Amino acid sequence: MTNVETSLKETMASIEGCVGAALVDYTSGMALGTIGGGKGLDLAVAAAGNTDVIRAKTRTIEHLNLKDEIEDVLITLGKQYHLLRLLKGRGGNGLFLYLVLDKANANLAMARHQLKGIEAELEL
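So this is what it looks like as structure tokens:
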């Protein structure tokens, strides 16, 4: 099991094309930890905005009475992938991992696979 800081560092180091990552509480919209980002990518602002995405999709699933849950949400931009993965393990309720990938250098399928493994090792 790894802590938040170690998990985020592992995410940046192991996922090809990773530009930034964050652990986000979608009940408050606060980033509990961030790594990467930079001048053109404010992860705290992105975390708050993506909280609205998760909340809207969760409400839609409830209104449709789908009896299912979100695994992850993918937002595809011209030059980036934004991947939001809801945490399912103990202590993960209300949290998601947020990953920003450089589209030109990333393998989306591998990133999703690796993010699932990082989630499994994350200790909250």
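According to my numbering, the residues represented by the sequence shown are -17 to 106, in order.
Note that CB positions come from ideal geometry on N, CA and C, so glycine has one too.
Quick caveat, the model's predicted, so the values are computed rather than measured.
### Message
Could you check whether A29 and Y63 sit closer than 7 angstroms to each other, using their CB atoms as the reference points?
### Response
Counting from one through the sequence shown, the residue named residue 63 turns up at place 81. Counting from one through the sequence shown, the residue named residue 29 turns up at place 47. No; because the gap between Cβ atoms is not below 7 angstroms, this pair is not in contact.
#### Entry: Buried or exposed (CB count within 10 angstroms, at least 16 for buried), A(-5)
In the sequence shown, counting from the first residue as 1, residue -5 sits at position 13. By the 10 Å Cβ count, A(-5) comes out exposed.
### Message
Our contact map puts T(-12) next to A3 with C-beta atoms below 8 angstroms; I'd like the distance itself, whole angstroms only.
### Response
Indexing the sequence shown from 1 puts residue -12 at position 6. Indexing the sequence shown from 1 puts residue 3 at position 21. Between A3 and T(-12) the Cβ distance is about 12 angstroms, and since that is not below 8 angstroms, they are no contact.
### Task
Using 10 angstroms around the beta-carbon of A102, count the other beta-carbons present and answer buried if the total reaches 16, otherwise exposed.
By one-based count along the sequence shown, residue 102 stands at place 120. Exposed, by the Cβ-count rule.
### Task
Whole angstroms is fine: what's the gap from N32's alpha carbon to A86's?
As a first step, residue 32 must be located in the sequence shown, where it is residue number 50. As a first step, residue 86 must be located in the sequence shown, where it is residue number 104. In a straight line, the C-alpha of N32 is about 22 angstroms away from that of A86.
### Message
If you reduce the DSSP assignment to three classes, tell me which class T9 lands in.
### Response
In the sequence shown, the residue the question calls residue 9 occupies position 27. In this structure, T9 counts as coil in the three-state DSSP scheme.
### Query
Is it right to say R67 is buried, meaning 16 or more other beta carbons lie within 10 angstroms of its own, or is it exposed?
Here residue 67 is taken as the residue at index 85 of the sequence shown, counted from 1. Looking at its Cβ environment, which holds 16 or more other Cβ atoms inside 10 Å, R67 is buried.
### Task
Return the chain-ordered list of same chain residues with a C-beta closer than 6 angstroms to the C-beta of I(-3), the five sequence neighbours on each side being excluded.
In the sequence shown, the residue the question calls residue -3 occupies position 15. Excluding residues within five positions, the ones whose Cβ falls inside 6 angstroms are A93, Q96.
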